[in-house]
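Under UniProt numbering, think of the first position of the sequence shown as 1, with each following residue one higher.
Note that CB positions come from ideal geometry on N, CA and C, so glycine has one too.
Let me begin by presenting the structure, written as structure tokens, before commenting on it.
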Amino acid sequence: MAATSPLQSPLSINTARAPNLSSLLPVNPSQAKILTNRGITIRCDNLPQNLSVGFPSGTDRIPSIQSSSLSLSTSVSMAATSVSDSASKNVKRVCLFNCHETRALAQRIAAESDVIELCSITWRTFEDGFPNLFIPNAQAIRGQHVAFLASFSSPKVIFEQLSIIYALPKLFISSFTLVLPFFPTGTSERMEDEGDVATAFTLARILSNIPTSRGGPTSLVTFDIHALQERFYFGDNILPCFESGIPLLKNRLQQLPDSDNIAIAFPDDGAWKRFHKQLQHFPTIVCAKVREGSQRIVRIKEGDPQGRHVVIVDDLVQSGGTLVECQKVLAKHGAARISAYVTHGIFPNRSWERFEFDNGGHPGKGLTYFWITDSCPLTVKEVINKPPFETVIVCLSDVEYASIRIMTLELRRQQNVNSTCRGGYGLILGPLSPPLQSGKARDLTDFGPKLVLGTSKESDVPSLIRLFHPALSMSPECSEGLSMMLKK
1 MAATSPLQSP LSINTARAPN LSSLLPVNPS QAKILTNRGI TIRCDNLPQN
51 LSVGFPSGTD RIPSIQSSSL SLSTSVSMAA TSVSDSASKN VKRVCLFNCH
101 ETRALAQRIA AESDVIELCS ITWRTFEDGF PNLFIPNAQA IRGQHVAFLA
151 SFSSPKVIFE QLSIIYALPK LFISSFTLVL PFFPTGTSER MEDEGDVATA
201 FTLARILSNI PTSRGGPTSL VTFDIHALQE RFYFGDNILP CFESGIPLLK
251 NRLQQLPDSD NIAIAFPDDG AWKRFHKQLQ HFPTIVCAKV REGSQRIVRI
301 KEGDPQGRHV VIVDDLVQSG GTLVECQKVL AKHGAARISA YVTHGIFPNR
351 SWERFEFDNG GHPGKGLTYF WITDSCPLTV KEVINKPPFE TVIVCLSDVE
401 YASIRIMTLE LRRQQNVNST CRGGYGLILG PLSPPLQSGK ARDLTDFGPK
451 LVLGTSKESD VPSLIRLFHP ALSMSPECSE GLSMMLKK
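Below, the structure is given as structure tokens:
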């Protein structure tokens with residue numbers, strides 16, 4: 001194959017949204033030539049702000065590219081299928097439906113992907129208040145992969161969404177994915193007294209009875225469910241996929257000017273059990289509620305916040321009372337700055353108003369940052385542009401990439417399409433964290449922006465690795481630990 005063969009239109013990404021990626025991309029033109037003679041051309045400018053990857057025409061190798069940034073992604077690494085014009089007619093698309101609250105998010109997801117097509121639902125009500133629903137052009141989704149982006153923000157919206165969720169798989173579709181960023185009854189997962197009703201189990205059973213599609217059981221994507229044992233509340237008719245926003249928090253922390261002075265605080269033992277393994281490379285502080293007389297107060301059980309920028313981490317916040325008490329005790333023990341992160345900011349009755357901004361370094365008065373995700377869209381609308389709140393757009397990225405990943409895996413499983421690298425290899429590249437640089441192998445999906453390339457030649461993989469970071473090809477531990485090569 002001649003190296004001078006004309007390129008097909010290359011796939012391009014803009015790395016400005018992922019500034020950490022620039023440290024990995026080569027700016028030396030001689031490095032880029034490593035792959036030119038193998039039928040792959042990689043170009044980037046000196047910043048670099050843009051990267052283009054293309055294959056010479058006449059080849060059957062088409063690269064898959066995605067970049068994720070802390071906009072943020074699960075930080076789930078995936079390879080979205082890229083298709084050529086000639087092959088696109090044979091590829092099933094993904095039809096994405098949404099409810100009222102997730103409309104804006106669904107639009108952004110569809111805009112980011114050539115695979116996902118935004119579809120509409122007519123949401124109406126009868127005079128008695130019950131839903132009057134209609135799926136326009138329902139025959140057009142036959143044989144397609146379908147996803148629904150849900151938000152169960154209150155009991156009154158659940159029934160109308162369940163009606164759609166139960167209807168879609170019956171329209172002769174190839175597969176069905178339900179993306180429910182926040183599982184709202186997750187905190188009611190057990191009984192303490194006879195007569196208590198574990199509503200987490202109730203909702204899990206309702207979702208477990210979603211009709212099967214042609215492709216089999218429904219895939220459920222949810223983020224930081226309150227208790228991992230809730231996986232076993234679901235029946236065999238649904239496949240829960242539990243994702244987390246913690247890798248995205250880690251990415252955001254790496255961007256802070258005092259990133260080397262971060263300590264993680266857990267407000268109770270439950271939060272520690274839930275997240276400490278994902279944050280084990282940070283100094284840890286564990287708080288606990290203890291009883292003094294008739295009062296229950298928060299004490300530091302383990303760790304020292306002195307002089308640290310302490311980030312309180314939990315899965316969700318309601319009234320925020322525990323976080324406020326945690327902040328006070330950390331400030332009392334010498335924390336230099338205090339921030340907080342929760343995946344799900346519920347904040348009933350505008351309880352977010354109790355969190356003050358520290359005005360640049362007064363931990364006793366408030367928080368430097370309060371990171372939440374857009375898993376609860378109504379909350380985001382209320383707190384946007386109100387310090388200390390900062391929305392890490394986990395569900396723009398996480399839902400986007402997690403749902404694309406699941407749906408494209410379904411697509412690949414059910415179709416042997418020409419547009420993917422048959423029997424090929426995928427290479428995932430991303431910024432190295434301090435643990436990786438020190439040789440401690442970790443899963444790359446834990447860390448920030450990443451790039452996915454595809455090739456059909458096993459011999460290309462070492463060159464791809466060396467091209468972006470020589471150390472990765474030299475350390476067997478890193479190569480194995482990062483799972484750099486994924487057999488498709």
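I'd like to check one pair, residue j with residue i: are the Cβ atoms closer than 7 Å?
i	j	result
Ile141	Cys95	yes
Ile225	Phe201	no
Ala150	Gln139	no
Val313	Ser339	no
Gly307	Ile285	no
Ser375	Phe152	no
Cys326	Val290	no
Thr343	Phe232	no
Pro136	Ser154	no
Ile210	Ile165	yes
Gly245	Thr373	yes
Thr187	Leu203	no
Thr322	Pro388	no
Pro348	Glu101	no
Pro247	Leu220	no
Arg103	Gln144	no
Give the C-beta separation of residue i and residue j to the nearest angstrom, bearing in mind that I take them to be a contact with Cβ-Cβ under 8 Å.
i	j	result
Phe97	Leu168	7 Å
Phe148	Val179	7 Å
Ile300	His276	Going by Cβ atoms, the distance from Ile300 to His276 rounds to 15 Å, so no, they are not a contact pair.
Ala309	Asp358	The amino acid at residue 309 is misidentified as Ala; the sequence shows His. 11 Å between Cβ atoms; not a contact.
Gly364	Arg337	Contact doesn't hold; Cβ gap of about 11 Å is too wide.
Pro131	Phe159	7 Å
Ile346	Thr391	About 14 Å; that fails the 8 Å criterion.
Across which residues does DSSP place residue i in a beta bridge pair?
i	result
Ser154	None, per the DSSP bridge assignment.
Ala336	Beta-bridge pairing links Ala336 to no other residue.
Gly216	Ser213
Leu133	Trp123
Cys95	Glu117 and Val146
Ser319	Per DSSP, none; premise fails for Ser319.
Thr391	Ile372
Ser175	His145
Asp314	Val342
Lys263	Residue identity differs from the one stated: residue 263 is Ala in this sequence, not Lys. Bridge partners of Ala263: Val310.
Val290	Ile297
Phe242	Thr222
Leu207	None, per the DSSP bridge assignment.
Ile384	For Ile384, which the question treats as bridged, DSSP gives no partner whatsoever.
Leu367	Phe357
Glu302	Val286
Which residue wins for smallest C-alpha separation from residue i, given the options the options?
i	options	result
Val329	Gly366, Thr343, Asn349 and Val342	Gly366
Leu253	Gln144, Gly360, Pro136 and Tyr341	Tyr341
Ala271	Asn261, Ala227 and Asp260	Ala227
Ile238	Leu249, Ile206 and Thr373	Ile206
Leu256	Thr368, Glu189, Leu105 and Gln318	Thr368
Thr199	Ile135, Glu230, Phe126 and Leu378	Glu230
His281	Ile210, Asp268, Ile264 and Cys287	Ile264
Val319	Gln107, Glu353 and Ala335	According to the sequence as given, residue 319 is Ser; it is not Val. That would be Glu353, whose Cα lies nearest to the Cα of Ser319.
Thr125	Gln107, Ser163, Gly321 and Ala106	Ser163
Trp371	Gln144, Leu316, Ala335 and Arg350	Leu316
Ala335	Ile262, Val380 and Gly195	Ile262
Cys287	Asp236, Thr218 and Ala331	Ala331
Leu250	Thr218, Arg274 and Gln278	For clarity, residue 250 is Lys in the given sequence; the question names Leu instead. The option with the nearest alpha carbon to Lys250 is Gln278.
Ala106	Val146, Asp128 and Glu127	Val146
Pro305	Pro283, Val324, Glu292 and Gln295	Pro283
Ser208	Lys273, Leu133 and Asp236	Asp236
Lys156	Leu133, Gly129 and Phe134	Gly129
Ile173	Arg190, Ser351, Thr218 and Met191	Thr218
May I ask you to check if the CB of residue i is nearer than 6 Å to at least one heavy atom of the ligand FAD?
i	result
Asp268	Because no ligand of any kind appears in the structure shown, any question about the ligand FAD cannot be addressed here.
Does the beta carbon of residue i sit closer than 7 Å to a beta carbon anywhere in chain D?
i	result
Lys156	In the structure shown, chain D does not exist; there is a single protein chain.
| At a cut of 8 Å, does the region 211-228 reach the region 158-174 through at least three beta carbon pairs? | yes
| field | Meets three-Cβ-pair contact criterion under 8 Å: the region 106-115 and the region 377-392 | value | no
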